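Working notes, structure below.
Number of protein chains: 2
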Amino acid sequence: MAAKSEQTRQKLAEVALRMFREIGFEKTTMRAIAAEAGVSAGNAYYYFESKDDLVHELYVQVQAEHAERAAGALDKAGGLAERLKGVLHAGLDVMAPYHRFGADFVATAIRPTSPVNPFSAASTPAREASLEIFRKAVDGARPAVPRKLRSDLPELLWLCYMGVTLFWVYDTSEGQQRTRRLVDGAAPLIAKGLGLARVPGVSKVLDDVLNLSRSVRT
Amino acid sequence: MAAKSEQTRQKLAEVALRMFREIGFEKTTMRAIAAEAGVSAGNAYYYFESKDDLVHELYVQVQAEHAERAAGALDKAGGLAERLKGVLHAGLDVMAPYHRFGADFVATAIRPTSPVNPFSAASTPAREASLEIFRKAVDGARPAVPRKLRSDLPELLWLCYMGVTLFWVYDTSEGQQRTRRLVDGAAPLIAKGLGLARVPGVSKVLDDVLNLSRSVRT
DNA sequence: AATCGTTCTTGAACACGTTCAAATTTGGGG
DNA sequence: CCCCAAATTTGAACGTGTTCAAGAACGATT
């Protein structure tokens with residue numbers, strides 16, 4: 001059966017993710033993962049290129065669950081502020097069990113050469129799915145977002161989400177409530193701030209910002 | 219002479235920094251540093267707690283040189299936009315030789331437990347010195363920055379600087395010219411944007427932003 | 001100059017992530 | 001049922017960052 005191999009792979013991933021959660025990144029050694037999964041250390045490398053590759057597995061799973069929960073939250077909210085809150089809190093909910101592991105995750109993910117890097121080729125599907133969440137959040141918002149911003153906003157919000165994640169990693173408050181407060185405070189502010197896009201003086205500066213943001217990408 | 223010990227320490231730091239620049243972080247092994255400095259590998263650990271600690275040494279030196287060059291740039295410019303440009307370009311100039319090493323540096327620095335982490339206790343002097351640069355940039359600016367923003371702005375700009383650094387690490391364009399363009403574009407935009415703080419509609423939102431930024435820190 | 005505590009230095013050892021040649025298992029075709 | 005090629009698994013090995021007990025060099029005190 002071809003399933004046997006897949007079974008070993010899944011066992012390894014499952015064990016690795018559980019250990020990441022329970023004892024952290026560094027204490028979760030490849031040998032320990034393999035032992036717990038009942039295979040040799042070398043064998044783990046038949047299924048995963050590296051320890052980082054197991055982190056990528058986590059990233060993909062977390063992202064998938066985020067998409068699912070975010071969709072649920074978006075069904076319930078119409079205003080941009082509430083939609084944003086829903087999406088961001090959903091993300092925090094999914095990541096919560098991994099908070100102690102967060103710093104190592106980010107340290108791994110930030111390397112341009114890592115498969116976990118959210119900008120890397122290996123992460124393109126996960127990143128696209130994540131971007132899609134923010135596209136939906138923006139597109140479905142009532143009242144609608146100013147037309148001028150509609151195309152750039154999802155990407156910018158996704159970047160904000162990366163920022164919130166970073167903040168969350170450093171947030172040692174109980175249950176990361178500071179990050180929760182940040183989300184609760186920032187979401188309505190962003191929504192309100194977008195309304196200013198129609199103020200003439202602001203509009204000009206905003207155009208410049210958008211132009212810069214576009215020009216600097218290439 | 220007490221200088222003998224200090225000499226060994228400096229030799230190690232000098233060799234390490236040069237190797238970081240020339241062959242990158244991973245290829246610069248502790249054994250290689252020690253060998254090149256003419257001591258045993260174990261001895262390097264008498265002077266530096268860890269490899270990361272050598273990165274901290276680099277951080278401190280880079281920061282010191284940044285402060286120096288930024289001060290020079292600030293002497294020549296009065297407007298906030300020009301002052302910001304000067305400070306940011308000075309930072310990029312100092313970091314330039316280490317660009318290939320940047321990703322590893324950031325990956326190290328981003329760990330809350332690392333001595334290199336810019337928010338860590340070990341980095342407090344370097345961080346304060348860096349903040350001071352932005353305080354000077356803001357305080358000396360003519361026309362003056364809106365009073366409301368004067369106290370928070372340096373910290374926010376310093377955060378922007380962290381963001382620019384991150385952008386720079388990922389910037390693979392020749393000579394990191396995209397980052398240069400980002401700085402040239404963003405500096406005047408920030409200066410212009412601050413002027414909007416006096417527009418009534420904007421002022422209210424801005425108050426909320428500042429309040430949130432303050433409340434979320436504790 | 002001899003002594004002694006401190007500072008400095010060494011080299012072997014450890015656990016880690018990772019590699020790889022060799023061994024084993026698997027599954028399909030004769 | 002047997003055989004072979006491919007897929008899977010092993011265990012030993014490598015180089016890494018780091019630790020540490022032991023020793024060597026130093027410098028102040030007598």
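Quick mapping for you: the protein sequence lines, in order, are chains G and H.
Residues 1 to 218 (this note's numbering) make up the first sequence, in order.
Residues 219 to 436 (this note's numbering) make up the second sequence, in order.
Cβ coordinates follow ideal geometry from the N, Cα and C atoms, glycine included.
It should be emphasised that the depicted structure is a prediction, and the values quoted were computed from it without experimental measurement.
- Message: Quick check on DSSP: helix, strand or coil for G:K76?
- Response: In the structure shown, G:K76 falls within a helical segment according to DSSP collapsed to helix, strand and coil.
- Straight-line Cα distance separating H:L428 from G:V87: If I take the Cα positions, the gap works out to 23 Å.
- Any idea what DSSP makes of G:R154, helix, strand or coil? Inspection of the sequence shows that residue 154 of chain G is occupied by Pro rather than by Arg. Three-state DSSP puts G:P154 in a helix.
- Alpha carbon of G:L84 to alpha carbon of G:A77, nearest angstrom: Going from the Cα of G:L84 to the Cα of G:A77 covers about 9 Å.
- Query: If you check the beta carbons only, do H:R329 and H:V312 fall under 9 Å apart?
  - Reply: 9 Å or more divides the Cβ of H:R329 from the Cβ of H:V312.
- Item | For G:Q10, the first and last residue of its enclosing alpha helix (DSSP H) | 3-23 is the span of the alpha helix (DSSP H), which, as asked, contains G:Q10.
- Message: Closest to G:T8 by C-alpha separation, out of G:T29, G:T165, G:S40, G:K27, would be which residue?
- Response: Looking at the Cα atoms, G:S40 is the closest of the given residues.
- Cross-chain neighbours of G:A197 in chain H, by beta carbon under 7 Å: Residues of chain H passing the Cβ test: none, with the nearest at roughly 11 Å.
- Item | Per-residue DSSP class, three states only, for H:A282 | H:A282 falls in the helix class under three-state DSSP.
- Item | Proximal residues, the region 323-355 of chain H versus chain G, C-beta separation under 8 Å | Within the region 323-355 of chain H, contact with chain G at the beta-carbon level (separation under 8 Å) is assigned to V324, A325, T326, I328, R329, P330, T331, F337.
- Which residues, taken in chain order from the region 389-423 of chain H, show a beta carbon closer than 7 Å to some beta carbon of chain G? Listed by position along the chain: R396, R399, L400, G403, A404, L407, K410, G411, L414, V417, G419, V420, V423.
- In the DSSP assignment, find the alpha helix (DSSP H) that holds H:A415 and state where it starts and stops. Boundaries cannot be given for H:A415, as no alpha helix (DSSP H) includes it and DSSP labels it neither H nor E.
- Item | Distance, H:A221 Cα to G:Y161 Cα | Taking the straight line from one Cα to the other gives about 50 Å.
- Three-state secondary structure (DSSP) of G:K27: Coil.
- Query: Which chain H residues sit within Cβ distance under 7 Å of G:L212?
  - Reply: Within chain H, the residues near G:L212 are G403, A404, L407.
- Task: For the alpha helix (DSSP H) containing H:V324, list its first residue and its last residue.
- Result: That run of the alpha helix (DSSP H) goes 317-327.
- Could you give the residue range of the alpha helix (DSSP H) that holds G:A137? Looking at the DSSP string, the run of the alpha helix (DSSP H) that includes G:A137 is 124-139.
- Task: Tell me whether G:E57 is buried or exposed, calling it buried when 16 or more other Cβ atoms sit within 10 Å of its Cβ.
- Result: Buried.
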